[in-house]
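In short: position in the sequence shown from 1, add 39, done, that's my numbering.
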Amino acid sequence: MLCPKESQRVDTYLLYLLEVNKAVSIVLSRGPGSREVLMVKRHSSLPFLGGYLAFVTGTLEDEDHETARAHLSIHGEEPGDYPAFLAAAARELFEETGVWLARGTTLSRKKLQDYRRRILDNQISFSEVLKRENQRLDSKDFAPMFPITTPQFILQHYDTWFLHCHIRAEDEVEIWPGEVEEGYFITPEEVLERWRKGTVLIAPPLPLLLHELAHGDCESFLPEARQLGESLNRGELQQIYFSPGVLLAPLRTPTKPPATHTNAYLVGDQKLYLIDPATPHSSEQEKLWKLLDELLAQGKSIEGILLTHHHPDHVGAVAECQRRYQLPLYAHRLTSQYLPDMDFSGSLEQGQELDLGPSPDGQPGWKLRVYHLPGHAPGHLAFQETRYQAVIVGDLVSTLSSMLIDPTDGHLGTYIKSLRFLESVTNGLLYPSHGPPAREGRKLVQKVLNHRYKRKQQILEALDTQPQTLEKLVNEIYAKFDQRTKKLARRSLHSSLIQLIEEGQAEETEKGYRLSAPGRERALGVES
Numbered sequence: 040m041l042c043p044k045e046s047q048r049v050d051t052y053l054l055y056l057l058e059v060n061k062a063v064s065i066v067l068s069r070g071p072g073s074r075e076v077l078m079v080k081r082h083s084s085l086p087f088l089g090g091y092l093a094f095v096t097g098t099l100e101d102e103d104h105e106t107a108r109a110h111l112s113i114h115g116e117e118p119g120d121y122p123a124f125l126a127a128a129a130r131e132l133f134e135e136t137g138v139w140l141a142r143g144t145t146l147s148r149k150k151l152q153d154y155r156r157r158i159l160d161n162q163i164s165f166s167e168v169l170k171r172e173n174q175r176l177d178s179k180d181f182a183p184m185f186p187i188t189t190p191q192f193i194l195q196h197y198d199t200w201f202l203h204c205h206i207r208a209e210d211e212v213e214i215w216p217g218e219v220e221e222g223y224f225i226t227p228e229e230v231l232e233r234w235r236k237g238t239v240l241i242a243p244p245l246p247l248l249l250h251e252l253a254h255g256d257c258e259s260f261l262p263e264a265r266q267l268g269e270s271l272n273r274g275e276l277q278q279i280y281f282s283p284g285v286l287l288a289p290l291r292t293p294t295k296p297p298a299t300h301t302n303a304y305l306v307g308d309q310k311l312y313l314i315d316p317a318t319p320h321s322s323e324q325e326k327l328w329k330l331l332d333e334l335l336a337q338g339k340s341i342e343g344i345l346l347t348h349h350h351p352d353h354v355g356a357v358a359e360c361q362r363r364y365q366l367p368l369y370a371h372r373l374t375s376q377y378l379p380d381m382d383f384s385g386s387l388e389q390g391q392e393l394d395l396g397p398s399p400d401g402q403p404g405w406k407l408r409v410y411h412l413p414g415h416a417p418g419h420l421a422f423q424e425t426r427y428q429a430v431i432v433g434d435l436v437s438t439l440s441s442m443l444i445d446p447t448d449g450h451l452g453t454y455i456k457s458l459r460f461l462e463s464v465t466n467g468l469l470y471p472s473h474g475p476p477a478r479e480g481r482k483l484v485q486k487v488l489n490h491r492y493k494r495k496q497q498i499l500e501a502l503d504t505q506p507q508t509l510e511k512l513v514n515e516i517y518a519k520f521d522q523r524t525k526k527l528a529r530r531s532l533h534s535s536l537i538q539l540i541e542e543g544q545a546e547e548t549e550k551g552y553r554l555s556a557p558g559r560e561r562a563l564g565v566e567s
């Protein structure tokens, strides 16, 4: 359950849903029959998939439409913006790798390097270079793979065309530091092996694509790639892996804005545990059943269902999932008390470990460790797999907004203690129930703790020696919120006031809330 940090964040999220960005991703190989593809590492500072290996990728610019009209030879009819995607692919390849795909008189490496620098410095456009050198792009140099739209649970929303191109014998890849830190040609098997060992991160859907590419060369993969794209664009669940052994399945649920989905997770390689089958919608459930059936057909086993907590946007498909697959259900004993109609097979407590079998890279002794981290809910659990240290955290944090700590079943002081513990055990990716994972999970937890501290200080500054009603405080502290979110803000503020009362910094009277003597000293910056 979510409480937006500010109403602008909700508006920004809705704007992203309405305005879809367009992008290209280029699978570049050495030549016909080659099994090596170019992988580049995105700069670690980038907010979207920073530090991940990817194909050369970039967004469409206005210039790309002009380039396609003036400098692209097209053979046959190409739908919609597809020609502009081709122009964008040629431009991005040149900017990021120095590879020149245009046809015409051979240009010297020195001249191309000079043009590349000037393009990156915004002194000249890619289209102008083509015009000056009388060069043309040709659609035959690009093999379409498939278009795909990023899942809606990710804030940045892209329609992306995946294209395949060959590097020419005379071309050399030259990575200049910028949005890309490094790049190299590598076989799909080699990069997947590094990924399974935990030495690199790979941006989805590349783990799935590289797995399929490992069965042959790029040319033989193209028909399969198009079939894959068609299935994904029909709305089927993607097999989304940000790290080995954690499959993320975002499911549309009735949850709190700005979220529209709750993430279910399948943790394991051959032995899987399903965490939070969330959705009550039958159409979304069917997508989950199809995914589970595919995994079972591959010889994998599903050992059971695990719940992070009892909130409705986390348990909507549990009963039907049990009926279909005859799976045992586990949660903390306090969670089972909130769900008396569900059939639990046992309870989970702090420190328990569930056997996952061998890890994706074949190491024995892989476990799923259980942490009892209450505060958002009394029986809230988090789960950490022991090979790569990824943590599935439920509603402890979100990458979309701050979490609502509702005084009806939450407790802010306990929640802060749980965050402190989570900070101490987080060494890698952190997977929330709402939003994409955080690559630097500990930094996200620290950011949440800092936000809570600043909110606490803001409340102390708003309080006075004279009592104020909860409604007055909400209108002052959450002035930027719109009426759609004021109700959530009221509950969040109530939890904060309870914490301040428990700490002796505030008092509740018949007329409202006011500072206590220690609270006045803290608000003035005086040590008590």
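Cβ atoms here follow ideal geometry from the backbone N, Cα and C, with glycine treated the same way. Because the structure is a prediction, the values reported are computed rather than measured.
Worksheet item: For aspartate 400, which residues from the same chain have a beta carbon less than 6 Å from its beta carbon, with the 5 sequence-adjacent residues on both sides left out?
Response: For the purposes of this step, residue 400 is identified with residue 361 of the sequence shown, where counting begins at 1. Closer than 6 Å at Cβ, skipping near neighbours: Arg235, Lys236.
Worksheet item: In angstroms, rounded to a whole number, what distance separates the CA positions of serine 567 and alanine 288?
Response: On the sequence shown, position 528 is the one that residue 567 refers to. On the sequence shown, position 249 is the one that residue 288 refers to. Low confidence applies here, because serine 567 scores a pLDDT of 37, under 50, leaving its location unreliable and the question unanswered by this model.
Discussion item. Within a Cβ cutoff of 7 Å, which residues of the same chain sit near glutamine 480, ignoring the five residues on either side of it in sequence?
Written reply: Here the question's residue 480 lines up with position 441 in the sequence shown. Residue identity check: residue 480 is glycine in the sequence provided, not glutamine. Counting only Cβ-Cβ distances below 7 Å, and skipping sequence neighbours, we find Val430, Thr465, Gly467, Leu468, Leu469.
Practice prompt. Could you tell me which residues DSSP puts in a beta bridge with isoleucine 279?
Written response: Within the sequence shown, the letter at position 240 stands for residue 279. DSSP lists Leu287 as partners of isoleucine 279.
Worksheet entry | Beta-carbon spacing of alanine 264, proline 227 below 7 Å | For the purposes of this step, residue 264 is identified with residue 225 of the sequence shown, where counting begins at 1. For the purposes of this step, residue 227 is identified with residue 188 of the sequence shown, where counting begins at 1. Taking 7 Å as the Cβ cut-off, alanine 264 and proline 227 do not qualify as a contacting pair.
Discussion item. Looking at the strands, I want to know which residues DSSP matches up with phenylalanine 422.
Written reply: Along the sequence shown, one-based indexing puts residue 422 at 383. Paired residues: Val409, Ile431.
Worksheet entry | Anticipated Cβ contact below 8 Å, serine 440 with valine 487, distance rounded | Counted from its first residue, the sequence shown places residue 440 at position 401. Counted from its first residue, the sequence shown places residue 487 at position 448. Not confirmed; about 10 Å, so no contact.
Worksheet item: Residues in its own chain within less than 6 Å of aspartate 445 by CB, not counting five upstream and five downstream?
Response: Along the sequence shown, one-based indexing puts residue 445 at 406. Result list for aspartate 445: Arg530, in chain order.
Practice prompt. Ignore the nearest five residues each way along the sequence and tell me which others in isoleucine 279's own chain have a CB closer than 6 Å to its CB.
Written response: The residue you call residue 279 lines up with position 240 of the sequence shown. Only Pro243, Leu287 meet the Cβ criterion.
Worksheet item: Can you tell me whether DSSP reads serine 567 as helix, strand or coil?
Response: Translated into the one-based positions of the sequence shown, residue 567 becomes position 528. In this prediction, serine 567 scores a pLDDT of 37, lower than 50, which makes its location untrustworthy; no coordinate-derived value is stated.
Worksheet item: Within 10 angstroms of its Cβ, does serine 322 collect 16 or more other Cβ (buried), or is it exposed?
Response: For this step, residue 322 is matched to residue 283 along the sequence shown. Classification for serine 322: exposed.
Item to complete: May I have the straight-line CA-CA distance separating glycine 143 from alanine 127, to the nearest angstrom?
Response: As a first step, residue 143 must be located in the sequence shown, where it is residue number 104. As a first step, residue 127 must be located in the sequence shown, where it is residue number 88. If I take the Cα positions, the gap works out to 19 Å.
Practice prompt. Starting from asparagine 302, trace the beta strand (DSSP E) both ways and give me its first and last residue.
Written response: On the sequence shown, residue 302 is found 263 positions in, with the first residue counted as 1. Element bounds for asparagine 302: 300-306.
Worksheet item: So what does DSSP say about leucine 387, is it helix, strand or coil?
Response: Here residue 387 corresponds to residue number 348 of the sequence shown, with the count starting at 1. In the structure shown, leucine 387 sits in coil (DSSP, three-state: anything other than H, G, I, E or B).
Worksheet item: Under the three-state reduction of DSSP, which class applies to glutamine 538: helix, strand or coil?
Response: Mapped onto the sequence shown, residue 538 falls at position 499. Helix.
Practice prompt. In the DSSP assignment, find the unbroken alpha helix (DSSP H) run with threonine 96 in it and report its ends.
Written response: The count along the sequence shown starts at 1 and reaches residue 96 at position 57. From DSSP, threonine 96 is part of no alpha helix (DSSP H) but of the beta strand (DSSP E) over 95-98.
Worksheet item: The alpha helix (DSSP H) spanning alanine 242 covers which residue range?
Response: Residue 242 sits at position 203 when you count from the first residue of the sequence shown. Segment: none, alanine 242 is in no alpha helix (DSSP H) and carries neither H nor E.
Worksheet entry | Rounded Cβ spacing between isoleucine 65 and leucine 276 (contact assumed at less than 8 Å) | Mapped onto the sequence shown, residue 65 falls at position 26. Mapped onto the sequence shown, residue 276 falls at position 237. Actually they are not in contact, since the Cβ atoms of isoleucine 65 and leucine 276 sit about 26 Å apart, beyond 8 Å.
Worksheet item: Hey, leucine 443 and lysine 295 are a contact pair by Cβ (cut 8 Å); roughly how many whole angstroms apart?
Response: By 1-based counting over the sequence shown, the position of residue 443 is 404. By 1-based counting over the sequence shown, the position of residue 295 is 256. Going by Cβ atoms, the distance from leucine 443 to lysine 295 rounds to 7 Å, so yes, they are a contact pair.
Fill in: proline 351 versus Asp332, Met381, Arg363, Arg372, residue with shortest Cα-Cα distance
For this step, residue 351 is matched to residue 312 along the sequence shown. With distances taken between Cα atoms, proline 351 lies closest to Met381.
Discussion item. Taking contact to mean 3 or more Cβ pairs, one atom from each stretch, closer than 8 Å, check whether the region 295-312 and the region 372-392 are in contact.
Written reply: no
Worksheet item: Which two residues bound the contiguous alpha helix (DSSP H) that contains glycine 480?
Response: The residue you call residue 480 lines up with position 441 of the sequence shown. Segment 480-501, the alpha helix (DSSP H) holding glycine 480.
Fill in: Environment of tyrosine 492 [buried if 16+ CB atoms lie within 10 Å]
Within the sequence shown, numbered from 1, the residue matching residue 492 stands at position 453. Classification for tyrosine 492: exposed.
Item to complete: Note down the Cα distance separating serine 166 from cysteine 204, rounded to an integer number of angstroms.
Response: For this step, residue 166 is matched to residue 127 along the sequence shown. For this step, residue 204 is matched to residue 165 along the sequence shown. Distance between the alpha carbons of serine 166 and cysteine 204 is about 20 Å.
Worksheet item: Hey, lysine 495 and serine 535 are a contact pair by Cβ (cut 8 Å); roughly how many whole angstroms apart?
Response: As a working note, residue 495 is residue 456 in the sequence shown. As a working note, residue 535 is residue 496 in the sequence shown. 6 Å between Cβ atoms; contact.
Worksheet item: In angstroms, rounded to a whole number, what distance separates the CA positions of glycine 551 and glutamate 541?
Response: Looking up residue 551 in the sequence shown gives position 512. Looking up residue 541 in the sequence shown gives position 502. Their Cα atoms are separated by approximately 16 Å.
Discussion item. So for asparagine 514, helix, strand or coil by DSSP?
Written reply: Looking up residue 514 in the sequence shown gives position 475. Helix at asparagine 514.
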